[in-house]
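Reading through the structure tokens given below for one structure.
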Amino acid sequence: MFFFGHLGITLGIAVLLFYLLKIKPDRKIYLAVFIGAILPDLIDKPVGEILLAGSISNGRIFAHTLLFIISLLFIGMYLYKRNNELRGLILCFASFLHLCEDQMWLMPETLFYPAYGFSLPQGTMEAHWWQYFISMFFNTYSFSSGVAHSFYYELIGITILILFFLQKLSVKRRWLQ
Numbered sequence: 003m004f005f006f007g008h009l010g011i012t013l014g015i016a017v018l019l020f021y022l023l024k025i026k027p028d029r030k031i032y033l034a035v036f037i038g039a040i041l042p043d044l045i046d047k048p049v050g051e052i053l054l055a056g057s058i059s060n061g062r063i064f065a066h067t068l069l070f071i072i073s074l075l076f077i078g079m080y081l082y083k084r085n086n087e088l089r090g091l092i093l094c095f096a097s098f099l100h101l102c103e104d105q106m107w108l109m110p111e112t113l114f115y116p117a118y119g120f121s122l123p124q125g126t127m128e129a130h131w132w133q134y135f136i137s138m139f140f141n142t143y144s145f146s147s148g149v150a151h152s153f154y155y156e157l158i159g160i161t162i163l164i165l166f167f168l169q170k171l172s173v174k175r176r177w178l179q
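Listed below in structure tokens is the structure:
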């Protein structure tokens, strides 16, 4: 899954959860959702595919582990206990959803790191780091049957984001009148 899939699907789940738990989210809460939705990739893609391209060449390393999520959970609980602030817990939840969206249970060596040892799974080595990102982009946005599901997740994410922002604009417009 890529950028819009992670952002939109995580936002949709978060909005539903906010409604069910009667949480009134503000901009800071939504910002925590957006950052948490892409945080594992913001950390792991540059580190694994650029900095460690010659050795690991894997875009799902440290931030795609339960150890990372548990660390975020402890930080979030500390912030909640200290300041009664939900943003840390929401960031943790959104990052956990990212792992679910990436189906990390199919990669237990990464998900349960370091339970299977301290070496991380080897990815596909490319001649240049930018080739990885270009090939992933074109594989995601193609209609071939093997990768079409990624394209559909992107469409779902974009649709949710558009609906969310249209709803926010209509509420703001009504308030201004």
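Note that the sequence shown covers residues 3 to 179 in this note's numbering. Backbone N, C-alpha and C fix where the C-beta goes; we use that ideal spot for every residue, glycine too.
Check                                                                                                         : Outcome
Buried versus exposed call for residue 60 [16 or more other C-beta atoms within 10 Å across all chains shown] : buried
Sufficient close CB pairs (3 or more, under 8 angstroms) joining the stretch 82-91 to the stretch 20-36       : yes
Given residue 10 as reference, the closest of 152, 68, 164 once Cα atoms are compared                         : 164
Presumed contact (8 angstroms Cβ cut-off) between residue 96 and residue 12, rounded CB distance              : 5 angstroms
Collapsed DSSP secondary structure at residue 121 in the structure displayed                                  : coil
Closer than 7 angstroms: residue 97 CB and nearest the ligand NAP heavy atom                                  : You won't find the ligand NAP in this model; it holds no ligand whatsoever.
Assigned exposure category for residue 106 - 16 Cβ within 10 Å defines buried                                 : buried
Local Cβ density within 10 Å of residue 42, reported as buried at 16 or more and exposed below that           : buried
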